[in-house]
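A quick write-up on the structure given underneath.
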Amino acid sequence: MTRIIDFHAHLDERWLHVKCDSPADVVRNLDRSEVEAACVFTIMGFYEDCVAHNEALLQRANEFPDRLIPFVTVDPKLGRAAVDELERRLANTRFRGVKFHPWLQAFASSMLRDTMMDILHVSAARNVPILLHDGTPPYSTTFQVAELARWSPNTTIVLGHAGSADYVDPAAQLIRDLPNLYGCYCGPRPGDLLHLVTLGGAEKVIFGSDFGAAGWRLLPERIDNVLEAGLEPDDLELVLHDNAERLLRLEEFPLTASLPTPAEARR
Ligand SMILES: [Zn+2]
Numbered sequence: 020m021t022r023i024i025d026f027h028a029h030l031d032e033r034w035l036h037v038k039c040d041s042p043a044d045v046v047r048n049l050d051r052s053e054v055e056a057a058c059v060f061t062i063m064g065f066y067e068d069c070v071a072h073n074e075a076l077l078q079r080a081n082e083f084p085d086r087l088i089p090f091v092t093v094d095p096k097l098g099r100a101a102v103d104e105l106e107r108r109l110a111n112t113r114f115r116g117v118k119f120h121p122w123l124q125a126f127a128s129s130m131l132r133d134t135m136m137d138i139l140h141v142s143a144a145r146n147v148p149i150l151l152h153d154g155t156p157p158y159s160t161t162f163q164v165a166e167l168a169r170w171s172p173n174t175t176i177v178l179g180h181a182g183s184a185d186y187v188d189p190a191a192q193l194i195r196d197l198p199n200l201y202g203c204y205c206g207p208r209p210g211d212l213l214h215l216v217t218l219g220g221a222e223k224v225i226f227g228s229d230f231g232a233a234g235w236r237l238l239p240e241r242i243d244n245v246l247e248a249g250l251e252p253d254d255l256e257l258v259l260h261d262n263a264e265r266l267l268r269l270e271e272f273p274l275t276a277s278l279p280t281p282a283e284a285r286r
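Residue numbers (my numbering): 20 to 286.
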């Protein structure tokens, strides 16, 4: 069995009225599916005060520093304050990426272009990927998200759902055509993975489950969809592990069972 990193999962206290799994429950289910580590995002931070939710997410993820990799989110509608919060969080190497959900967060990147450009440039300078929900109107179509990769060719942009259901074919073409655009296979139908890899390239597709938002059962189901997709063994390794390892710079900044010291945590 190949090594697995989950590039799209959620870790929060609740999703609206639904209670979510605790960090210990999450890690138990990572163990059950033999997943080494998961990138984890807030949910409630997309609806309300994301500064408080960034802190809460960090504390939760810090219960298992070698397994849970937090991504920061900010509200671009806040302008400079959003960029400041991003810089402050990314100065801590525990945060390995940035997550946006433009639909739930209710912003169109095209209407906040100055702030989004600052965010893209800060992320490029810190060498961290930005993953955005994609595949749904009004603000998160795959085309709208891919546009960010054109705005800032030095920023790594990840389509959070590789087109979801309706935009898989455009997603495959866009990740093929834009060197800094990747697709997280998290949501499309099982047969779509082979198409994404064939057209977009195996080095541009990353496995994610969305585990945590809708319960742990998504994880084994979505791993199974990848294992049974008919990929070549080398491509399977790229999708399930190696691409994520590269984007998260895990060789340069390995995950450790104890928290980094304050000096180590500063870049
Ligand atoms: Zn998600």
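Built from N, CA and C at the ideal position, the CB exists for glycine as well.
Just so you know, these numbers come straight off a predicted model, no measurement behind them.
Determine the contact status of Ala57 and Asp85, defining contact as a CB-CB distance below 8 Å. Not in contact: Ala57 and Asp85 (Cβ atoms no closer than 8 Å).
Going by the DSSP bridge assignment, what does Phe60 pair with across the sheet? For Phe60, which the question treats as bridged, DSSP gives the partners His29.
Could you say if the stretch 166-173 and the stretch 188-208 meet the contact criterion of at least three C-beta pairs nearer than 8 Å? Touching, yes, given that three or more Cβ pairs across the two stretches are closer than 8 Å.
CB of Val45 within 8 Å of CB of Gly206, strictly: Against a cut-off of 8 Å, the Cβ pair of Gly206 and Val45 comes out as no contact.
Delimiting residues of the beta strand (DSSP E) encompassing Gly116: Judged by DSSP secondary structure, Gly116 falls within the beta strand (DSSP E) whose first and last residues are 116-119.
Cross-strand partners of Gly202 (DSSP beta bridge): Answer is Leu178, Val224, bridged to Gly202.
Near Thr275, which residues of its chain fall below 7 Å by C-beta distance, leaving aside the five closest residues on each side in sequence? Annotation for Thr275: Pro84, Asp85 place their beta carbon closer than 7 Å to its own, counting only its chain and skipping 5 residues before and after.
With a CB to CB cut of under 6 Å and the five nearest residues on each side skipped, what residues in its chain are close to Leu267? Result list for Leu267: Arg115, in chain order.
Close Cβ partners of Val54 (< 6 Å) along its chain, the five nearest in sequence each way excluded: Cβ within range, chain order: Ile23, Asp25.
8 Å contact criterion, which Phe60 and Lys118 should meet: CB distance rounded: Going by Cβ atoms, the distance from Phe60 to Lys118 rounds to 4 Å, so yes, they are a contact pair.
My output table needs one value for Pro89: the three-state DSSP class, helix, strand or coil. If DSSP states are grouped into helix, strand and coil, Pro89 belongs with the strands.
8 Å contact criterion, which Thr112 and Ile149 should meet: CB distance rounded: Actually they are not in contact, since the Cβ atoms of Thr112 and Ile149 sit about 17 Å apart, beyond 8 Å.
So is Val37 buried or exposed if we call it buried at 16+ other beta carbons inside 10 Å? By the neighbour-count rule (16 or more Cβ atoms within 10 Å), Val37 is not buried but exposed.
Distance check for Leu250 and Leu237, CA to CA, integer angstroms please. Near 20 Å, if we compare the C-alpha coordinates of Leu250 and Leu237.
Count the other CB atoms within 10 Å of the CB of Pro121; is the residue buried (16 or more) or exposed (fewer)? By the neighbour-count rule (16 or more Cβ atoms within 10 Å), Pro121 is buried.
Between Glu222 and Cys39, what straight-line distance do the alpha-carbon atoms span, to the nearest angstrom? In this structure, the straight-line span from the alpha carbon of Glu222 to that of Cys39 is close to 32 Å.
Could you give the first and the last residue of the continuous beta strand (DSSP E) run that contains Leu257? From DSSP, Leu257 is part of no beta strand (DSSP E); its letter is neither H nor E.
Nearest candidate by alpha-carbon position, reference Lys96, set His72, Asp133, Ile225: Taking only the C-alpha atoms, the option nearest Lys96 is Asp133.
What are the boundary residues of the alpha helix (DSSP H) that Ile23 is part of? Ile23 -> no alpha helix (DSSP H), and no H or E assigned at all.
Tell me the DSSP secondary structure of Phe230 in three-state form. The three-state reading of DSSP puts Phe230 in strand, counting E and B together.
When burial is assigned at 16 or more other CB atoms within 10 Å of the CB, is Asn73 buried or exposed? The residue is buried, with at least 16 neighbouring Cβ atoms inside 10 Å.
Inter-residue Cα distance where the pair is Pro189 and Phe226: Counting only the Cα atoms, Phe226 lies some 18 Å from Pro189.
Determine the contact status of His180 and Asp153, defining contact as a CB-CB distance below 8 Å. Yes, Cβ-Cβ distance for His180 and Asp153 is below 8 Å.
Nearest residue (CA-CA) to Thr21, options Leu246, Met136, Ser159: The candidate whose alpha carbon is nearest that of Thr21 is Leu246.
When DSSP builds the beta bridges, which residues end up paired with Thr155? Answer is Ser159, bridged to Thr155.
Measure the C-alpha to C-alpha separation of Ile242 and Asp261 and round it to an integer number of angstroms. Each residue's alpha carbon lies about 15 Å from the other.
Quick check on Gln78: buried or exposed, where buried means 16 or more other Cβ atoms within 10 Å of its Cβ? Here Gln78 is exposed. Its C-beta has fewer than 16 other C-beta atoms within 10 Å.
Roughly how many angstroms separate the alpha carbons of Leu218 and Arg107, rounded to a whole number? Roughly 38 Å separates the two Cα atoms.
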